[in-house]
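Enquirer: Below is the structure I would like to discuss, written out as structure tokens.
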Amino acid sequence: MLDAPVRVGPFAAGSVRFVIEADEPAVAAELDAVLTDLRTDPRTGPSADGGDANVTFTVARRDPPSTTHPWQLWRDLEPCERVTEDYLVPYVLWEVTRLLLERTEGVTPVHAAAVARDGRAIVLAGESHAGKSTLAGWLTAHGWEFLTDEVALVTRSDERSWEVRPFPRPVGVRHPSPLDPFLAAHRSALPGGRPGAPLEARSESLVPASTLGSLSRGAPLTAIVLPTHRPGSDGTLSDAHPASAVRALAAHLPLRREHGRAGFREVVDLGLSVPAFTLEVDDLAQADTTLTSLLTELGS
Amino acid sequence: MTSSLDALGSTPSRHPAIETAEVLDRVVLFDDRDAGVHELNESASLVWLAVDGSTSVGAMADRLGERVGRSVTDEVVAAVEEFDRLGLLRDASPFAVEPGPLHGDRV
């Protein structure tokens, strides 16, 4: 489709491998940087040139040109959306997430962030814009390991035990953010970040979690935490009724229509077998302390 | 508008699209039609579990009232009306009133 495309990857979205071809090297480099934590080892997966990748995304400027929506994305030559300059990278990420959700055999994807510490994972589930990504990013910058900020891939390890597999999408950070001080230190390494470019000039950044800290390769699920942003809160942690955890998870299940009752039943089993808590968040450092103590208590 | 008297004689039944999950002392419902999720509190959960398509609202109220030692008729009627409003019952409002010999046109 493209005369001389620049190919980046392979990447992995769950069990699916993909590569991206772009007609502009700068765009290819931008996507490669944003998706760096999803990069997979070409020696164990498809060939480095992407020839054996499961899916190929193609990104190119539209011909004839468009002043409002100059970019077109294709997935395996099937046209997807036409998008604006600013929305191109977020849209590719959205399509990558969609790719993941299409192939989730044996996994229950829940709309939640997840982090791990000392080999144990917690899922942070809540409404959109509840601060899950910011909390997950903060924890990652303070010694926790990052699993995801958007889709937690939960799978059974036995009848009553679950584990969380990684889907290390870049963290969506809206500026100004409590994460800005950590990002400023890596400004030149951030996708699209020109040396000296102020973070304040952007409304949002997609930040690879590896910029903030370490990535987890998966961990047993120890707790479900339902964070709510409450100004002035001292970081109160309370037991949540399992039914509330089920509602929070099921109401935002990414594939709730497709998985229907079976998906709902999985979430019910999850809610009945993993302890759940509500966490009032204002001070992120306090939340870190509270969650670290929680893991200690649950481990004893 | 369904009167309390009508409500007490009605025999509501759960809509077949609704999946019921008992989570300890509460019920969580999943609506297959729109993937909606409803968490019921403890008292509403007791009422929902009593909705079986053959028990009248009045009988539900009597049974649940015996359990708690006081009249709960108003609460039971209100809960069933809320279930109806949310589309959780088969046959929308007025909820599943079986026409009897003294009811409506069949008098």
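Heads up: the protein sequence lines correspond to chains A and B, in order.
Just so it is clear: in the first sequence, position 157 is 157 by full-length UniProt numbering, and no numbers are missing.
Just so it is clear: in the second sequence, position 57 is 57 by full-length UniProt numbering, and no numbers are missing.
Every residue, glycine too, gets a C-beta built ideally from N, C-alpha and C.
Would you say the region 84-100 of chain A touches the region 235-248 of chain A, given that touching needs at least three Cβ pairs under 8 Å?
Expert: no
Enquirer: According to DSSP, A/W74 sits in a beta bridge with which residue or residues?
Expert: Counting from one through the first sequence, the residue named residue 74 of chain A turns up at place 74. In DSSP, A/W74 forms a bridge with A/T58, A/P79.
Enquirer: Name the two residues that bound the continuous beta strand (DSSP E) containing A/A262.
Expert: By 1-based counting over the first sequence, the position of residue 262 of chain A is 262. Premise fails: A/A262 lies in the alpha helix (DSSP H), 256-273, not in any beta strand (DSSP E).
Enquirer: Residues in the region 56-89 of chain B with C-beta within 9 Å of chain A's C-beta atoms, listed in sequence order?
Expert: Of all residues in the region 56-89 of chain B, none comes within less than 9 Å of chain A when Cβ atoms are compared.
Enquirer: Can you give the Cα-Cα distance for A/R62 and A/L77, rounded to whole angstroms?
Expert: On the first sequence, position 62 is the one that residue 62 of chain A refers to. On the first sequence, position 77 is the one that residue 77 of chain A refers to. Approximately 14 Å between the Cα atoms of the pair.
Enquirer: Just checking my contact of A/D149 with A/K132 at CB under 8 Å: how many whole Å lie between their CB atoms?
Expert: What you label residue 149 of chain A is simply residue 149 of the first sequence in a count that begins at 1. What you label residue 132 of chain A is simply residue 132 of the first sequence in a count that begins at 1. 7 Å between Cβ atoms; contact.
Enquirer: Could you tell me if B/S54 is buried or exposed, where buried requires 16 or more neighbouring beta carbons within 10 angstroms of its beta carbon?
Expert: Indexing the second sequence from 1 puts residue 54 of chain B at position 54. Result: exposed.
Enquirer: What residues from chain B crowd round A/G137, counting only those whose CB sits closer than 9 Å?
Expert: As a position in the first sequence, residue 137 of chain A is number 137, starting the count at 1. Result: empty, since nearest Cβ-Cβ is about 28 Å, beyond 9 Å.
Enquirer: Could you tell me which residues DSSP puts in a beta bridge with A/E204?
Expert: Sequence index remark: in the first sequence, residue 204 of chain A carries index 204 (1-based). Beta-bridge pairing links A/E204 to A/R174.
Enquirer: Is DSSP giving A/E297 helix, strand or coil here?
Expert: Translated into positions along the first sequence, residue 297 of chain A becomes position 297. Residue state, collapsed to three classes: helix.
Enquirer: Does the distance from the C-beta atom of A/A113 to that of A/L124 stay below 7 Å?
Expert: The residue you call residue 113 of chain A lines up with position 113 of the first sequence. The residue you call residue 124 of chain A lines up with position 124 of the first sequence. Against a cut-off of 7 Å, the Cβ pair of A/L124 and A/A113 comes out as a contact.
Enquirer: Tell me whether A/G9 is buried or exposed, calling it buried when 16 or more other Cβ atoms sit within 10 Å of its Cβ.
Expert: Locating residue 9 of chain A in the first sequence gives position 9, where the first residue counts as 1. A/G9 counts as buried, since no fewer than 16 other beta carbons sit within 10 angstroms of its beta carbon.
Enquirer: Which residues in the same chain as A/E127 place their Cβ atom closer than 8 Å to its Cβ, once the five residues preceding and following it in sequence are excluded?
Expert: Reading the first sequence from its first residue, position 127 is the one you call residue 127 of chain A. These residues qualify, in order along the chain: H252.
Enquirer: Keeping to the same chain, check which residues put their C-beta closer than 8 Å to that of A/A26; ignore five residues upstream and five downstream.
Expert: The residue given as residue 26 of chain A occupies position 26 in the first sequence. The answer is none, since no qualifying residue turns up.
Enquirer: Is any beta-carbon of chain B found at less than 7 Å from that of A/P242?
Expert: Here residue 242 of chain A corresponds to residue number 242 of the first sequence, with the count starting at 1. At least one chain B Cβ lies under 7 Å of A/P242.
Enquirer: Quick check on A/S210: does DSSP put it in helix, strand or coil?
Expert: Locating residue 210 of chain A in the first sequence gives position 210, where the first residue counts as 1. A/S210 falls in the helix class under three-state DSSP.
Enquirer: Tell whether a beta-carbon distance below 7 Å holds between A/A22 and A/T40.
Expert: Walking along the first sequence from the start, residue 22 of chain A turns up at place 22. Walking along the first sequence from the start, residue 40 of chain A turns up at place 40. Contact flag unset, no.
Enquirer: Could you pull out every residue in the same chain whose Cβ sits closer than 8 Å to the Cβ of A/F277, ignoring the five residues on either side in sequence?
Expert: For the purposes of this step, residue 277 of chain A is identified with residue 277 of the first sequence, where counting begins at 1. Answer for A/F277: A223, I224, V225, L226, L237, S238, D239, A240, L294, listed in chain order.
Enquirer: Determine the extent of the alpha helix (DSSP H) in which A/A141 is found, giving its start and end residues.
Expert: For the purposes of this step, residue 141 of chain A is taken as the residue at position 141 of the first sequence. Per DSSP, A/A141 belongs to the alpha helix (DSSP H) from 132-141.
Enquirer: Give me the Cα-Cα distance between A/T56 and A/V207, rounded to the nearest whole angstrom.
Expert: Numbered from its first residue, the first sequence carries residue 56 of chain A at position 56. Numbered from its first residue, the first sequence carries residue 207 of chain A at position 207. Roughly 23 Å between the two C-alpha positions.
Enquirer: Taking the alpha-carbon of A/R156 as reference, which of A/R256, A/A116, A/V19, A/P109 has the nearest alpha-carbon?
Expert: Along the first sequence, one-based indexing puts residue 156 of chain A at 156. Selected option, being the one with the closest Cα: A/P109.
Enquirer: Give me, in chain order, the residues of the same chain whose beta-carbon lies closer than 7 Å to that of residue 143 of chain B; leave out the 5 immediate sequence neighbours on both sides.
Expert: Residue 143 of chain B is absent from the structure shown; chain B starts at 1 and stops at 107.
Enquirer: Anything in the region 20-40 of chain B with a Cβ closer than 7 Å to a Cβ of chain A? List those residues in chain order, please.
Expert: A21, V23, L24, R26, V28, F30, D32, A35, V37, E39
Enquirer: If you draw a straight line from the C-alpha of B/S78 to the C-alpha of B/D52, how long is it?
Expert: One-based indexing of the second sequence puts residue 78 of chain B at position 78. One-based indexing of the second sequence puts residue 52 of chain B at position 52. What sits at residue 78 of chain B in the sequence shown is Ala, not Ser. The alpha-carbon atoms of B/A78 and B/D52 are separated by roughly 17 Å.
Enquirer: Report all residues from its chain with a CB closer than 6 Å to the CB of A/D32; omit the five preceding and five following residues, and keep chain order.
Expert: In the first sequence, residue 32 of chain A corresponds to position 32, counting from 1. Correct list, in chain order: V8.
Enquirer: Looking at the structure shown, is residue 302 of chain A part of a helix, part of a strand, or coil, going by DSSP?
Expert: Nothing can be reported for residue 302 of chain A, as the shown portion of chain A is limited to 1 through 300.
Enquirer: By DSSP, does A/D158 sit in helix, in strand, or in coil?
Expert: Indexing the first sequence from 1 puts residue 158 of chain A at position 158. If DSSP states are grouped into helix, strand and coil, A/D158 belongs with coil.
Enquirer: Tell me, to the nearest whole angstrom, how far the beta carbon of A/G218 is from that of A/P181; I am working on the premise that it is less than 8 Å.
Expert: For the purposes of this step, residue 218 of chain A is taken as residue 218 along the first sequence, with counting starting at 1. For the purposes of this step, residue 181 of chain A is taken as residue 181 along the first sequence, with counting starting at 1. That belief does not hold up - the Cβ atoms of A/G218 and A/P181 are roughly 29 Å apart, past 8 Å.
Enquirer: Please report how far the alpha carbon of B/L24 lies from the alpha carbon of A/S210, in whole angstroms.
Expert: Here residue 24 of chain B refers to the residue found at position 24 when the second sequence is read from its first residue. Here residue 210 of chain A refers to the residue found at position 210 when the first sequence is read from its first residue. Inter-residue distance for B/L24 and A/S210 is about 40 Å (C-alpha atoms, whole angstroms).
Enquirer: Would you mind reading off the limits of the beta strand (DSSP E) that contains A/L124?
Expert: Residue numbering aside, residue 124 of chain A sits at position 124 when the first sequence is read from its first letter. Here the beta strand (DSSP E) through A/L124 covers 120-125.
Enquirer: Contact defined as beta carbons within less than 8 Å: I believe A/E30 pairs with A/V89. What is the distance between those atoms, to the nearest angstrom?
Expert: For this step, residue 30 of chain A is matched to residue 30 along the first sequence. For this step, residue 89 of chain A is matched to residue 89 along the first sequence. Under the criterion of beta carbons closer than 8 Å, A/E30 and A/V89 qualify as touching, at roughly 6 Å.
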